[in-house]
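Residue numbers (my numbering), protein chains in the order written: chain A, 5 to 287; chain B, 431 to 729.
Okay, here's the thing in structure tokens:
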């Protein structure tokens, strides 16, 4: 059915997209290629195609990366962020998951009203309440503590809603069978409900990780002590240091992106599904 | 049984409820309450009720008005470029016979990078002797100041934001295009409809709810602009990239003027809520049908 004319248009389309994608990616290619160069080479290569080609592999190839890892606390910041993400993933699955289950399956008073409120809370942007979060955490003396950072981030109406939507379609007879085996509701939740809902657990984990890894404003408010910084805030303190070279800056932003790329390639299906079905989960 | 359910329900819902109260209900009430006071967090004893004074004063405050106008400028540049760009990319990639997967990944790459990373990278790219000025020099264009001039800083940051975000909406549109029933196109082909007719009569109407959704979410996203100017320009030069959220943040957490910051936050929230309501109203009838399908699929 494909005519010759259509075929030609198709090739032109692919060619245009290819050129466009190269232009589109030039900042990323430039970043990667030059993260392996000393500043003198970056400047020298600037006006030629070499600006987009990494240097020859030699003993100094990873110099920028090595100096970032040995001379700054960047690995520590990455470790901090991984730890915060891990804690938050566990807590948000438990807290939001239990709430979602209650809203889906337990007939407690005002359940439908609570669900309405949760849905309405989805509209409220974080910026509305972030200064008050800061005030509360400061008054509680929790600035510069992990607890102070984590506490406001655990509960998330979006995750509650997501869990509720999945749990509501779980079959009831499994629960009845489990009750016969004298399985308490809490045990039932952790040993039956969560394992039956691996997809939503994965989705919530992935988005929690990405939020923690990429968040900028909240950690910059809570943490001033350098020991506790997250990677994004640490990045700022490294690049604003006058001794940091351009090559090291590019190396540091490459390093910080690697874990996210790993997550995206492992969970691309969940992420794309999450993006296309809800779309509203951003930053 | 009923009593057991209420205890069990509250036991399951309780932890979330406590945190919701502490970090959403209470902050929302406090924001609203503070917005009618001159609450200064470093000297809370001196707080007075000032009625609507803050709401009048912020619109007389030059800096707030400028930050508001800057935010509107960001929205005006970002929304058409990002929505239109995402739609065009999705349509082109959907039609492309080859390298589909590569294109999807290529245009999605900047989405993966955090705002702080993208901002840091583009500070290098936009620098006076940077790669972009070098490239432009090859075409005979004089070096541009980009983020270092009050005229160019805002558009420079806006274009960078579009570059970073466009892949996200592209994926949403691609999902929407794949959901269109192929039978519709087959029927149109039987009637010898032209490519343009098919696009106008099938693709666009089918994508309409998605277009509204993307339009509103991108608008809200642009409205929330903060990290990029914070990292790249500190709101400058001459407050030319100072945004609404930046003003809320600095007034509240740097100057500790919680009363004023709360008033700004309320104004900001009202705008976001209005946008969300418009979106819900415009997409309601179609959404419901689509949602039904999705739920069935998710299981």
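Ideal placement from N, C-alpha and C gives every residue a C-beta, glycine not left out.
Being a predicted model, the structure only gives us computed values, none of them experimental.
- Taking the beta carbon of residue 139 (chain A) as reference, the chain B residues within 7 Å of it are 471 and 688, listed in sequence order.
- Annotated as distal: residue 540 (chain B) and residue 626 (chain B), with beta-carbon spacing of 8 Å or more.
- Within the segment 41-75 of chain A, the runs of alpha helix (DSSP H) at least 4 residues long that lie entirely inside it are, in chain order, 43-49 and 67-75.
- Under the Cβ distance rule, residue 466 (chain B) does not count among the residues neighbouring chain A, no pair being separated by less than 8 Å.
- Under DSSP, residue 442 (chain B) takes part in no beta bridge, so it has no partner.
- The bridge partners DSSP lists for residue 479 (chain B) are B:467.
- Under the 8 Å criterion on CB atoms, residue 260 (chain A) is classed as interfacial with respect to chain B.
- Pairing residue 149 (chain A) with residue 682 (chain B) gives a Cβ-Cβ distance that is not under 8 Å.
- Around the beta carbon of residue 131 (chain A), a 10 Å sphere encloses 16 or more other beta carbons of the protein chains shown; the residue is thus reported as buried.
- Against residue 25 (chain A), the close residues of chain B are 529, 532, 533, 536 and 537, in the order they occur along the chain (beta-carbon pairs closer than 9 Å).
- Residue-level contact by beta carbon holds for residue 111 (chain A) and chain B, with a gap shorter than 8 Å.
- Chain B has no Cβ within less than 8 Å of the Cβ of residue 69 (chain A).
- Taking residue 203 (chain A) as the centre and dropping the five residues before and after it, the same chain places the C-beta of 170 and 274 closer than 8 Å to its C-beta, in chain order.
- With distances taken between CA atoms, residue 53 (chain A) lies nearest to B:561 out of B:500, B:561, B:648 and B:655.
- Using a Cβ-Cβ cut-off of 7 Å, residue 703 (chain B) is close to 127 of chain A, given in chain order.
- Its Cα nearest to that of residue 470 (chain B), the residue B:690 stands out among B:690, B:489 and B:576.
- Listed in chain order, the non-local C-beta contacts of residue 84 (chain A) below 7 Å within the same chain comprise 232, 233 and 234, local neighbours out to five positions each way being set aside.
- Looking at B:644, B:583, B:529 and B:558, the one whose alpha-carbon comes closest to that of residue 572 (chain B) is B:558.
- For the segment 223-256 of chain A, the beta-carbon criterion of a distance under 9 Å to any beta-carbon of chain B is satisfied by 224, 225, 235, 236, 237, 239, 240, 243, 250, 253, 254 and 256.
- Identification of chain A residues near residue 633 (chain B) by a Cβ-Cβ cut-off of 8 Å yields none; the smallest Cβ-Cβ distance measures about 16 Å.
- Around the beta carbon of residue 137 (chain A), 16 or more other beta carbons sit within 10 angstroms, so the residue counts as buried.
- Under the three-state reduction of DSSP, residue 636 (chain B) is assigned to helix.
- For residue 657 (chain B), the residues of chain A that pass the 8 Å Cβ criterion are 220 and 221, in the order they occur in the chain.
- Taking C-beta separations shorter than 8 Å and ignoring five residues to either side along the sequence, the partners of residue 589 (chain B) in its chain run 507 and 511, following chain order.
- Scanning chain A for C-beta atoms nearer than 7 Å to the C-beta of residue 484 (chain B) yields nothing, as the closest lies near 14 Å away.
- Shown here for residue 656 (chain B): same chain residues with a beta carbon closer than 8 Å to its own, the five before and five after excluded, namely 673, 675, 676 and 679 in chain order.
- Taking a beta-carbon distance threshold of 8 Å, residue 100 (chain A) counts as an interface residue toward chain B.
- Under the Cβ criterion of 8 Å, residue 16 (chain A) is not counted among the residues facing chain B.
- Interface criterion not met: the Cβ of residue 74 (chain A) is under 8 Å from no Cβ in chain B.
- In this structure, residue 650 (chain B) lies near residue 702 (chain B), with their beta-carbon atoms less than 8 Å apart.
- Taking a beta-carbon distance threshold of 8 Å, residue 638 (chain B) does not count as an interface residue toward chain A.
- Listed in chain order, the alpha helix (DSSP H) runs fully inside the segment 654-714 of chain B are 657-662 and 674-679, counting runs of at least 4 residues.
- Using a Cβ distance threshold of 8 Å, residue 587 (chain B) and residue 496 (chain B) do not count as a contacting pair.
- Within chain A, no residue has its CB atom less than 8 Å from the CB of residue 574 (chain B), the nearest being about 16 Å off.
- Proximity to residue 472 (chain B) across B:714, B:695, B:704 and B:684 peaks at B:684, based on C-alpha coordinates.
- Not flagged as an interface residue toward chain A: residue 583 (chain B), since no C-beta distance is shorter than 8 Å.
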